[in-house]
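Visitor: Take a look at this one; I'll ask things after.
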């Protein structure tokens with residue numbers, strides 16, 4: 001009894017220490033975001049007097065638009081990305097992971113190859129393409145690709161998960177008269193829920209971070225994302241450090257909250273969602 | 001010909017027609033399912049890829065039209081360009097260390113966090129946090145504060161009487177420091193492992209426990225094989241992704257000092273957008289594609305010996 | 001659920017996903033009915049025009065410029081603007097892609113470091129026919145020309161100088177640098193200062209960039225490293241060896257910081273700036289950049305011009321321009337606008353000092369009383385430099401890779417990885433190849 005309790009507490013102690021180690025730089029970040037620029041060069045972790053103005057002024061930005069506007073823009077874009085990514089990646093992954101069709105291997109190789117070519121060399125032709133379609137300075141070039149399978153990474157990820165599901169389940173459903181479509185909707189889709197949550201989280205975080213695409217495709221300020229607005233604090237010689245650190249700390253918060261809330265779905269896992277079909 | 005034989009032949013025809021129809025249905029279903037990707041590939045991805053291939057045979061400054069130069073770019077890459085060799089070797093070193101380190105570390109942490117325990121949500125979030133801040137500009141400032149000449153790491157070392165170096169600004173340690181940063185951001189790999197662990201049916205562990213298996217045996221007999229598809233995924237994608245590592249080198253070290261962290265993707269980026277040599281950059285990209293593709297083929301070939309797919313009825317591949 | 005029904009369900013799902021994507025497209029791109037490519041076209045009916053304009057800069061510049069654009073629209077009701085602005089890095093990341101898709105906005109801000117690349121590749125319109133009489137000093141106009149033509153209207157005065165930590169120099173009893181010091185005096189000053197500074201502090205920084213040496217070479221009366229739009233390349237070996245051997249000795253004598261320390265410097269970063277961090281007593285600064293340093297260490301910054309040689313030293317002229325895209329569909333309107341931008345009183349008032357000290361003397365006079373201490377420092381660099389200034393030598397088109405190579409080879413020297421002689425050989429070889437290539441065209 002006591003040893004069990006002791007083990008529990010030592011585990012908590014270990015995890016807390018480990019978390020602090022991982023979080024140490026973040027604690028630095030919080031402190032730095034409250035400092036005056038002159039104070040940033042000091043080795044202290046915390047400012048002598050916290051500058052909450054870094055947050056309020058940073059949020060107010062330049063008057064015409066505040067960060068409320070940029071957060072709303074980004075969240076709207078993210079909604080499209082996540083919905084598109086989760087739905088279509090699952091559909092495509094089922095095709096690759098469970099069905100036999102002509103040239104499956106060929107198309108799957110192509111899918112993987114698209115990941116291996118560095119994006120830096122396709123970005124210009126892609127921009128020219130979207131420019132010809134008059135779709136630049138809109139969210140379309142940023143959101144649309146997510147509706148086409150969400151990217152090779154996620155398709156491959158889900159394929160691996162689908163291949164981990166025993167085929168006995170399909171066979172049983174087939175005997176009940178289910179088709180490939182039925183098996184997808186009733187068996188596979190619910191069973192890969194932890195992986196789908198992963199796809200949703202990663203889609204969210206990675207598109208939040210995707211500065212290169214955003215700077216290219218969004219040019220009017222009223223369409224700016226949080227990432228673009230943040231870069232406005234940085235100029236050639238002049239960086240508004242306090243506001244930059246404050247706002248970029250806030251900008252990771254939606255991802256943190258999302259991760260915190262979504263993880264109970266990993267925890268459920270197959271044991272509670274699965275098998276009953 | 002006997003009646004029996006004729007009957008059998010007819011049955012055969014019927015069966016093959018059914019098989020054909022079944023195969024036709026399967027093809028239709030298969031293509032229907034992959035159609036979102038296929039359409040997107042044909043509409044949005046194929047043309048830019050083909051363009052970059054064409055551009056790799058040209059001199060193209062982006063500011064003026066491309067001019068055909070045949071295989072000059074490729075010839076220059078292999079014959080003359082010392083930076084190519086340098087950045088490729090830097091990248092190989094990076095991949096060689098960071099992929100296994102990240103895999104090992106993230107699996108370890110995923111196992112530790114894969115429990116139902118009070119406060120686990122908070123621990124998981126804390127551990128994932130560094131990966132969330134990704135390429136944020138703050139990371140660069142933060143990392144300089146950690147690993148600068150008078151950064152926190154050296155302050156801690158000083159307690160033990162060790163004189164630290166400028167971890168990022170010393171050509172001997174800069175690459176190692178970036179590998180460490182990369183390992184610190186192991187969150188995504190860990191999350192995939194967590195999702196994989198959650199997919200392992202608890203019954204397997206329960207019945208193994210009934211057979212008296214210890215935790216090491218459970219790990220080797222159940223966890224590892226059941227997790228192998230996900231591990232394979234993390235390995236393949238880790239290799240592909242690491243070869244294209246860009247952000248950390250770009251924002252923290254700018255490839256320096258003296259090219260010691262001049263990752264291939266950064267080399268390629270600077271060629272394209274800083275030196276206005278998009279044609280050459282495209283050739284570099286295709287060379288990288290071939291290298292990574294070959295390694296991926298090796299990975300897939302090796303996978304049949306260690307990756308276990310439940311859907312294939314317990315056989316490997 | 002039967003087969004047909006589920007097939008229907010999957011199909012519906014697919015269809016709705018595609019529909020959603022399409023809808024998203026419509027509603028989002030529909031915004032203002034104007035997207036990037038259209039900016040140049042405007043609508044001909046009634047002469048209404050939309051000019052695209054793109055610039056980089058800090059927030060104050062954005063606000064001021066938007067205000068100026070409003071004033072222009074008030075004065076010319078047929079012209080509207082589609083402004084686009086971003087930070088420096090993002091600007092130069094995005095511009096090549098816009099050039100490749102032939103969609104650079106009508107009017108764009110240009111920098112001396114990049115303008116040659118864009119002019120040589122035919123991206124910028126010849127603005128020589130804009131009448132700048134009485135707006136910009138004819139000498140300044142002449143200095144800003146490339147191949148005899150004007151591709152950018154100069155906007156502000158800029159100059160290269162040296163900033164120093166006047167507070168600490170006084171504290172350690174080191175005399176402050178004086179105007180028109182020579183390179184010999186500069187080096188001697190550094191040696192003398194070393195003796196008075198405590199360990200861990202250094203009088204001057206190391207030199208590893210091409211322009212640092214180019215200042216030296218030109219001040220000694222030699223031709224610049226690159227001339228003739230890159231067709232002539234001349235890296236004077238004797239001067240090169242002398243210059244870098246001096247720095248080699250300085251590294252040994254701790255007059256400049258060790259390479260490991262130097263590699264960690266990041267200008268204008270509060271903790272990593274060589275001067276703001278209190279490690280180095282001097283560093284290069286321009287009229288445009290010194291105010292950022294002053295904000296990091298208020299009241300401590302003094303300035304002096306670049307060391308000079310027999311021919312002079314440093315430069316003092318505009319490095320920031322307003323250009324018109326060669327692909328613009330509204331060239332006449334754009335030219336009218338850029339002339340207005342540097343001549344209109346109201347515009348000048350709205351823009352203030354957000355692009356440095358205005359090139360137009362009348363507008364500058366109106367603003368002078370409102371100058372802040374950090375702006376005055378910039379003006380001081382300019383005033384100190386202008387007497388002995390040489391022309392501004394920017395890297396020629398096609399040389400951007402050489403510029404990076406130069407720094408990397410010299411960095412390798414500072415880390416003791418190769419000799420100065422080897423570095424010279426590599427840098428010289430690459431430069432000569434580029435010159436031959438530029439000449440061959």
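Chains as they are written, first to last, in full-length UniProt numbering: chain A, 1 to 277; chain B, 1 to 317; chain C, 1 to 441.
The beta-carbon is built from N, C-alpha and C at its ideal position, and this holds for glycine as well.
It should be emphasised that the depicted structure is a prediction, and the values quoted were computed from it without experimental measurement.
#1: Please list the segments of the alpha helix (DSSP H) lying wholly inside the stretch 74 to 137 of chain B, counting only runs of 4 or more residues, in order along the chain.
#2: Compare the C-beta of residue 216 of chain B with all C-beta atoms of chain C and state if any pair is closer than 7 Å.
#3: Quick check on DSSP: helix, strand or coil for residue 5 of chain A?
#4: With a threshold of 8 Å on Cβ separation, who are the neighbours of residue 398 of chain C within its own chain once the five nearest residues in sequence on each side are excluded?
#5: Residue 346 of chain C to residue 292 of chain C, Cα distance in whole Å?
#6: Does the stretch 174 to 192 of chain A touch the stretch 237 to 246 of chain A, meaning 3 or more C-beta pairs lie closer than 8 Å?
#7: May I have the straight-line CA-CA distance separating residue 347 of chain A from residue 322 of chain C, to the nearest angstrom?
#8: With 7 Å as the threshold, decide whether the Cβ of residue 274 of chain B is near any Cβ in chain C.
#9: List the residues of chain C whose Cβ lies closer than 9 Å to the Cβ of residue 169 of chain B, in chain order.
#10: Taking 7 Å as the threshold (beta carbon to beta carbon), is residue 257 of chain B in contact with chain C?
#11: For the candidate residues C/368, C/325 and C/348, whose alpha-carbon lies nearest to that of residue 96 of chain C?
#12: Got a sec: is the Cβ-Cβ distance from residue 30 of chain A to anything in chain C below 7 Å?
#13: Give me the chain C residues within the contact set of residue 37 of chain A, using Cβ-Cβ distance strictly less than 9 Å, ordered along the chain.
#14: Below 8 Å, how does it come out for the stretch 100 to 110 of chain A and the stretch 169 to 183 of chain A: are there three or more Cβ pairs, yes or no?
#15: Considering only their Cβ atoms, is the gap separating residue 331 of chain C from residue 125 of chain C smaller than 7 Å?
#16: At a Cβ cut of 8 Å, what residues of the stretch 139 to 165 of chain B count as close to chain C, listed as they run along the chain?
#17: Taking a cut of 9 Å between CB atoms, which residues from the stretch 342 to 375 of chain C lie near chain B?
#18: Would you verify that the beta carbon of residue 248 of chain B is, or is not, closer than 7 Å to some beta carbon of chain C?
#19: Rank A/165, A/18 and A/203 by C-alpha distance to the C-alpha of residue 201 of chain B and give the top, closest one.
#20: Where are the beta strand (DSSP E) runs, 3 residues long or more, that stay fully inside the stretch 68 to 119 of chain A, in chain order?
#21: For the stretch 247 to 256 of chain C against the stretch 242 to 261 of chain B, do three or more pairs of beta-carbon atoms, one drawn from each stretch, fall closer than 8 Å, so that the two count as touching?
#22: Is residue 55 of chain C buried or exposed, if buried means 16 or more other CB atoms sit within 10 Å of its CB?
#23: Along the chain, where does the alpha helix (DSSP H) that runs through residue 88 of chain C open and close?
#24: Please decide whether residue 26 of chain C counts as near chain B, where near means a Cβ-Cβ distance under 7 Å.
#25: Can we say the stretch 289 to 309 of chain B touches the stretch 204 to 222 of chain B, given the rule of at least three CB pairs closer than 8 Å?
#26: Cβ closer than 8 Å: which chain C residues qualify as neighbours of residue 43 of chain B?
#27: So is residue 131 of chain A in contact with chain C if we call contact Cβ pairs under 7 Å?
#28: If you drop the 5 nearest sequence neighbours on each side, which residues of the same chain put their C-beta closer than 8 Å to that of residue 273 of chain A?
#29: Check each candidate in A/168, A/233, A/216 and A/95 and name the one with the smallest Cα separation from residue 26 of chain B.
#30: Closer than 9 Å, Cβ to Cβ, to anything on chain C: give me those residues from the stretch 49 to 72 of chain B, in chain order.
#31: Could you check what DSSP says for residue 446 of chain C in three-state terms: helix, strand or coil?
#32: Indicate whether at least one CB of chain B lies closer than 7 Å to the CB of residue 121 of chain C.
#33: Could you pull out every residue in the same chain whose Cβ sits closer than 7 Å to the Cβ of residue 288 of chain B, ignoring the five residues on either side in sequence?
#34: Just checking: is the beta-carbon of residue 252 of chain A within a distance shorter than 7 Å of some beta-carbon in chain B?
#35: Could you run through the stretch 73 to 87 of chain C and flag, in chain order, every residue whose CB is less than 7 Å away from some CB of chain A?
#36: What does residue 306 of chain B reach in chain E if we use C-beta pairs closer than 7 Å?
Guide: If we stick to the structure as given:
#1: For the stretch 74 to 137 of chain B, whole alpha helix (DSSP H) runs of length 4 or above, ordered along the chain, are 82 to 113 and 120 to 132.
#2: no
#3: helix
#4: Around residue 398 of chain C: 117, 120, 230, 434, 437 and 438.
#5: 27 Å
#6: no
#7: Lying before the first or after the last residue shown, residue 347 of chain A is absent from chain A, which here runs from 1 to 277.
#8: yes
#9: Simply 259, 260, 261, 262, 263, 264 and 265.
#10: Interface residue, yes.
#11: C/325
#12: no
#13: 270, 295 and 296
#14: no
#15: With respect to the 7 Å criterion, residue 125 of chain C and residue 331 of chain C are classified as neighbours on the basis of their beta carbons.
#16: 141, 144, 145, 148, 149 and 165
#17: Those residues of the stretch 342 to 375 of chain C that come within reach of chain B (Cβ to Cβ, closer than 9 Å) do not exist; the list is empty.
#18: no
#19: A/165
#20: none
#21: no
#22: buried
#23: 88 to 100
#24: Annotation note: pLDDT 43 at residue 26 of chain C (below 50); position unreliable, no value reported.
#25: no
#26: Under a criterion of Cβ atoms nearer than 8 Å, no residue of chain C is adjacent to residue 43 of chain B; the nearest Cβ is some 11 Å distant.
#27: yes
#28: Caution applies to residue 273 of chain A, whose pLDDT of 39 falls short of 50 and renders its modelled position unreliable; the value that the coordinates give is listed next. If we look at residue 273 of chain A and ignore the five residues flanking it on each side, its Cβ neighbours are 190, 191 and 193.
#29: A/95
#30: Residues of the stretch 49 to 72 of chain B with a C-beta atom less than 9 Å from some C-beta of chain C are 60, 61, 62, 63 and 64, listed in chain order.
#31: Given that chain C is displayed from residue 1 to residue 441, the structure contains no residue 446 of chain C and the question cannot be resolved.
#32: yes
#33: Here the set comprises 243 and 264.
#34: yes
#35: 84, 86 and 87
#36: Annotation note: the requested chain E is absent from the structure, which comprises protein chains A, B and C.
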